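Residues in the sequence shown are numbered consecutively from 1, following the UniProt record's numbering. Think of the CB as a built atom: it goes at the ideal place given N, C-alpha and C, for glycine as much as any other residue. All values reported here derive from a predicted model rather than from experimental measurement. Here the structure is laid out as structure tokens; the discussion comes afterwards.
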Amino acid sequence: MSVNYAAGLSPYADKGICGVPEVFDDPDELRAKVETLAQLIRDSQYMVVHSGAGISTSVGIPDFRGPKGVWTMEEKGESPQFDTTFEEAKPSLTHMALLQLQRAGYLKYLISQNVDGLHLRSGFPR
């Protein structure tokens, strides 16, 4: 599958808000959120993750609406820059963390709208 997946989509006007900047927490706030998340995971019976394009941006696959996203660049009349192809991309640390949560029995269901195949390439079962 090609990283130019978006080019094959039918054109339509409402692609959502494009170019929204990514938000980062300061280290203390992030640490507190991670601790809360870890406790929620430990206490849960059925953890479900719904992943999207943002899970693959760290390995060079652009999202659609981010600052360098496919649709954001299209809206500016520019072509998106790809650091890799779907075939060459390697699963991110997030993909691997989700795999470990599944193997440890915490993650029961993974729903992904991604077309890059990286969840499967990480070893996640179908």
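Problem set entry | Residues near G123 by beta carbon distance below 7 Å, same chain, minus five either side | Correct list, in chain order: L99.
Problem set entry | Straight-line Cα distance separating S79 from T36 | One Cα belongs to T36, the other to S79, and the distance between them is close to 40 Å.
Exercise. Where do the ends of the beta strand (DSSP E) carrying I111 lie?
Worked result: Per DSSP, I111 belongs to the beta strand (DSSP E) from L107 to S112.
For this session: Tell me whether S56 is buried or exposed, calling it buried when 16 or more other Cβ atoms sit within 10 Å of its Cβ.
Result: Residue environment: S56 is assigned as buried (16 or more neighbouring CB atoms within 10 Å of its CB, all protein chains considered).
Problem set entry | First and last residue of the uninterrupted alpha helix (DSSP H) at residue 201 | Residue numbering for the chain in the displayed model covers 1 to 126; residue 201 lies beyond these limits and cannot be assessed.
Problem set entry | Pick from V20, T85 and P125 that is closest to L101, judged by C-alpha positions | When only C-alpha atoms are compared, the closest one is P125.
Exercise. Given that a residue counts as buried once 16 or more other Cβ atoms are within 10 Å of its Cβ, and exposed if not, what is I61?
Worked result: That one is buried.
For this session: Verify whether the separation of the beta carbon atoms of V34 and R65 is less than 8 Å.
Result: Not a contact, by the Cβ cut-off of 8 Å.
For this session: Less than 8 Å between the CB atoms is what I'm expecting for A89 and V59, so what's the real figure, rounded?
Result: So it is a contact: roughly 5 Å between Cβ atoms.
Exercise. Anyone know if the C-beta pair for L118 and P91 falls short of 8 Å?
Worked result: Going by C-beta atoms, L118 is nearer than 8 Å to P91.
Exercise. What are the residues that DSSP puts in a beta bridge with V48?
Worked result: In DSSP, V48 forms a bridge with Y109.
Problem set entry | DSSP state of D83 mapped onto helix, strand, coil | Here D83 sits in coil by DSSP.
Exercise. Just the Cα atoms here: how many angstroms apart are residue 145 and P67?
Worked result: Since the first residue of the chain shown is 1 and the last is 126, residue 145 is not available in this structure.
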